[in-house]
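Residue numbers (the numbering used here): -10 to 473.
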RNA sequence: GGCCCCAUCGUCUAGAGGCCUAGGACGUCAGGUUUUCAUCCUGGUAACCCCGGUUCGAAUCCGGGUGGGGUCACCA
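This is the structure:
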C-alpha cells in the first residue's frame, strides 16, 4: 500500500478575502497525512483570478495558520524546491504546457466573444438544453486559426474533450466515482488575459509539485473528470483524490460567510483558544477512533485516518465550541491563562489584582474576551438601578437593611470573605431576612448587577473602602426623597 | 433541469449483519449543590427518510423512491 511512502499534500487557498475556517479544516487533514508518512504539506496560493484578488488576504492566511499552529513545510512564506508557489508567478510555466496540449491536439484556440457565449447559453436555456460550449471553434482550420491569431484576435484555449467514453477514479473517501465524458464541457484552460483557469493550473501545479494526495471539497467532484483527462493528455500519473464533505450552514447549504462567521481570525478576536477551535473543527466529519472528544492537535495528527471521515457534510454549529472553549480555558495553568488573557484586557484593567480577580470569574469564562465584562465592576464606577435594588422588598426596608449592613461590616478589621460571611449571615439570621432578597440586595448595591461571582469573595476583593462607599451610595439612592 | 455526491437524536457523531429494547458529546428540560450567575453532580427528552429485496437475522448489504447538497463561468 501507499501508506508507507511519503505523502505530499497541499492546500490551495485563493487570496480573495478572509482566512476561512474551511481552509484550516482541510489543512489539518493534509498536515496529518504528510506528518504520518514523513511527507510534506504545501501551501500554494491560487491567485489566477485578478478580478477577485484582495490585497492582504494572503497575509491573513499565514497569520491564521500561525495562530492555529498549522505548520506547513513548503510554499507560502517559506518557499521550497518546487516554487514559485504562487500561481501568478508561474504564468510562463502554464504557457509552456498549454503549447504542449495545443501541439498534441488536446486543446484548441477559441475566439468566441463573451457576448456570443452569453447569447449561446441564453438560446440553450430557452431550448431547454443544458448550457455548454457548442464547440464552434473546435474545428477551425489551422489557416483560420493563424489568421485570427495574426490579426491579434483575443482568444482562450479550451480543452478538447473526447467524444465518448467514461472517466473514473477511486476516491479515497467515496470509493469508485464515474462520469460519462459526454457530460463534460470543453472548458477554458487559458483565459484571454493569459492567466490559466483553476482547472488547468491545479493539474499542472499538483503534478510539478509532486502532490500525491489531493484533499479538497466535495464541490470539486464534478470537475475532477476534466482534471483526470488533463493528466491523461499529458501522460501524467494523477494523484489520489479524497473529496471531503462540505461544511454547511444551518440550512444545509455550503458554508458561507453570509450565514456564518467563517473567519479564523475573528475567532481569535472573539477570545477563542486556537486549541479549542482546532479540536472543535477536528470533530467535524471526523471522529477519534477511541471516541475521545478532547484531544490535542498533536494527537489528531497522529491518529487521523481518511477512513474515519464521514461523507455527509457537517453543519457548522459553534454551540459546542463555546462549551469546549470554556473547558480549555479552565484546564489552562493559571500563569499561562494570564498570559493568554493579556490581548483581551482593557487598558484600565488592574493587572496587579489579576491573581485575585481571575479565580472569581474563571468558571464563568466562555471566551477570553469575557474577562472584561465579568470583572469591570471591580475597577470601574457602577450604576445602580434603584428599582432593581428594592425589587424584592420596599425602598424603606432596603434602606434600613443597607444601614444595618454598613454598621455590621464597618468595624471589621480583617476584611476577609470568611469574616464578611460570618457577620452578614449572622445579620440575616438574626432578622430572619429572606436570603435571596437580602444577599441579592447587597450584591446589586455593590456591583450594580444581578449576576456576579460569590458575594463574600466579591466583597473581599472589592475592598473595605469601596464596599462601604457603594453601600452608602445605594442607601442614599433609595432614601433621597423623590420630588415630583 | 442534466450530471454527481449524500442520508443515525435539534447539532457533532459511534455503529463496517446478530454485542442495538441504537451508545457518547453539545444543546435542551428537570432535580441536587448554592445568596445570584456559572461550575459541578444526577436524571430525562430526542434519531436509524420511505418501500421493496437478500438473509435464520439488517441502522448496517442490494434495488427503487423521496429528501438534501454540489456542479453545470474566461470564479476558485
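Heads up, the beta-carbon is just placed ideally off N, CA and C, and yes, glycines get one too. Bear in mind the structure is a predicted one, so any value in this text is a computation, not a measurement.
Assuming residue i contacts residue j under a Cβ cut-off of 8 Å, what Cβ separation, rounded to an integer in Å, is found between them?
i, j, result
"residue 87", "residue 179", "5 Å"
"residue 147", "residue 176", "7 Å"
"residue 337", "residue 380", "Residue 337 to residue 380, Cβ: 30 Å. No contact."
"residue 61", "residue 32", "5 Å"
"residue 416", "residue 448", "With 8 Å as the limit, residue 416 and residue 448 do not qualify as a contact, their Cβ atoms being about 13 Å apart."
"residue 437", "residue 373", "5 Å"
"residue 446", "residue 406", "5 Å"
"residue 474", "residue 278", "The structure shown does not extend to residue 474, since the chain is modelled only from -10 to 473, so the question has no answer here."
"residue 222", "residue 93", "7 Å"
"residue 330", "residue 360", "6 Å"
"residue 251", "residue 435", "Incorrect: roughly 42 Å between the Cβ atoms, too far for contact."
"residue 58", "residue 332", "Contact flag wrong, Cβ pair sits at about 16 Å."
"residue 15", "residue 271", "Contact doesn't hold; Cβ gap of about 12 Å is too wide."
"residue 218", "residue 156", "6 Å"
How would you label residue i, buried or exposed, when you count the other beta carbons within 10 angstroms and need 16 or more for buried?
i, result
"residue 400", "exposed"
"residue 43", "exposed"
"residue 440", "exposed"
"residue 473", "Residue confidence for residue 473 is low, a pLDDT of 39 falling below 50, so the modelled location carries little weight and cannot support an answer."
"residue 467", "buried"
"residue 152", "exposed"
"residue 323", "exposed"
"residue 12", "buried"
"residue 47", "buried"
"residue 260", "buried"
"residue 132", "exposed"
"residue -1", "buried"
"residue 143", "exposed"
"residue 463", "buried"
"residue 112", "exposed"
"residue 63", "buried"
"residue 49", "buried"
Do residue j and residue i have their beta-carbon atoms positioned less than 7 Å apart in this structure?
i, j, result
"residue 207", "residue 234", "yes"
"residue 377", "residue 433", "yes"
"residue 273", "residue 53", "no"
"residue 363", "residue 318", "no"
"residue -3", "residue 25", "no"
"residue 232", "residue 162", "yes"
"residue 65", "residue 51", "yes"
"residue 237", "residue 302", "yes"
"residue 40", "residue 185", "no"
"residue 120", "residue 110", "yes"
"residue 474", "residue 225", "The question about residue 474 has no answer, for the chain in this structure spans -10 to 473."
"residue 174", "residue 122", "yes"
"residue 412", "residue 397", "yes"
"residue 460", "residue 371", "no"
"residue 192", "residue 216", "yes"
"residue 230", "residue 341", "no"
"residue 351", "residue 202", "no"
Looking only at DSSP bridge pairs, what is residue i linked to?
i, result
"residue 0", "32"
"residue 252", "9"
"residue 97", "147"
"residue 177", "147"
"residue 206", "233"
"residue 168", "156"
"residue 58", "None, per the DSSP bridge assignment."
"residue 298", "275"
"residue 64", "32 and 68"
"residue -5", "Answer is none; residue -5 lacks a bridge partner."
"residue 304", "237"
"residue 75", "34"
"residue 185", "179"
Inset, instruction - Specify whether the segment 199 to 206 and the segment 254 to 268 touch according to this definition: at least 3 beta carbon pairs, one from each stretch, less than 8 Å apart. - result: At 8 Å Cβ cutoff, the stretches do not touch.
Legend entry - Touching by the beta-carbon criterion (3+ pairs, under 8 Å), the segment 379 to 396 and the segment 412 to 429: yes
Legend entry - Touch test, the segment 236 to 245 against the segment 325 to 343, Cβ-Cβ under 8 Å, three pairs minimum: no
Legend entry - contact_flag[the segment 101 to 117, the segment 72 to 81] where n(CB pairs < 8 Å) is 3 or more: no
Legend entry - the segment 132 to 148 / the segment 92 to 101 touching (three or more Cβ pairs under 8 Å): At 8 Å Cβ cutoff, the stretches touch.
Inset, instruction - Mind the definition here: the segment 310 to 326 touches the segment 286 to 298 only if three or more C-beta pairs lie below 8 Å; say whether that holds. - result: no
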